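Quick note on the working numbering: the sequence shown kicks off at 11 and runs consecutively.
Beta carbons are placed, not taken as given, at the ideal position from N, Cα and C, and that holds for glycine.
If you're wondering where the values come from, they're calculated on a predicted model, not measured in any experiment.
Working notes for the structure below.
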Amino acid sequence: MGTMMELGSEDDPRASTFSLVDEDHTLGNSLRYILNHDPRVEFCGYSVPHPSENRVNIRIQTTGDPAKDVLKDALQDLMVMCQHIRKTFDTAVDQHKAAKGLGEVSMKSGVTEPSTSRSQASQHKAK
11 MGTMMELGSE DDPRASTFSL VDEDHTLGNS LRYILNHDPR VEFCGYSVPH
61 PSENRVNIRI QTTGDPAKDV LKDALQDLMV MCQHIRKTFD TAVDQHKAAK
111 GLGEVSMKSG VTEPSTSRSQ ASQHKAK
């Protein structure tokens, strides 16, 4: 994540606007979703000031807890959720490869390395 700056009233820690630099709608909307499901949050919204700016402003108003603490909790919850999604995805890919007898799939290049049985079968067809 990029740099975070808090813009808000020092008199009322329950309401703050956070500016996340080098971020876009992906993080903004995900955080908004998590925060709006937190019972401590009265209001949460985000905006991207301009499409050419890689910055997201998130406004949080809480029922009593400091907005900064609620944001930290939401970021932690989002990280746990993303880790769960990644683990579930990796497990499904492994199960699919095992069921189909596929070799290793490189997530970076998308190239499939054939397993030895498939490699031997294609060599046999070539003869």
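Among all the DSSP beta bridges, which residues are the ones paired with residue i?
i: Ala25; result: Gln71
i: Cys92; result: Looking at the DSSP assignment, Cys92 forms no beta bridge with any residue, so it has no partner.
i: Phe53; result: Gln71
Would residue i and residue j qualify as a contact pair, given that the criterion is a beta-carbon distance under 8 Å?
i: Arg65; j: Leu30; result: yes
i: Ile44; j: Ala77; result: no
Looking at C-alpha atoms only, which residue of the options is the closest neighbour of residue i?
i: Met15; options: Pro61, Val51, His60, Asn67; result: Asn67
i: Val90; options: Thr73, Gly111, Leu41, Glu33; result: Leu41
i: Ser7; options: Asp34, Phe53, Gln86; result: Shown here, the chain extends from 11 to 137; a query on residue 7 therefore has no answer.
i: Arg24; options: Cys54, Gly38, Thr36, Asn39; result: Cys54
i: Cys92; options: Leu37, Ala108, Leu17, Asp104; result: Leu37
How many angstroms separate the CA atom of residue i from the CA atom of residue j?
i: Val51; j: Ala102; result: 35 Å
i: Gln71; j: Pro49; result: 11 Å
i: Pro59; j: Leu81; result: 20 Å
i: Thr27; j: His94; result: 29 Å
i: Lys107; j: Ser57; result: 41 Å
i: Asp79; j: Gln86; result: 11 Å
i: Thr98; j: Gly74; result: 36 Å
i: Leu17; j: His47; result: 23 Å
i: Gly111; j: Asp100; result: 16 Å
i: Leu88; j: Asp22; result: 26 Å
i: Asp104; j: Arg96; result: 12 Å
i: Ala39; j: Ala109; result: At residue 39 the sequence reads Asn, which differs from the Ala that was named. Between Asn39 and Ala109, the C-alpha separation is close to 36 Å.
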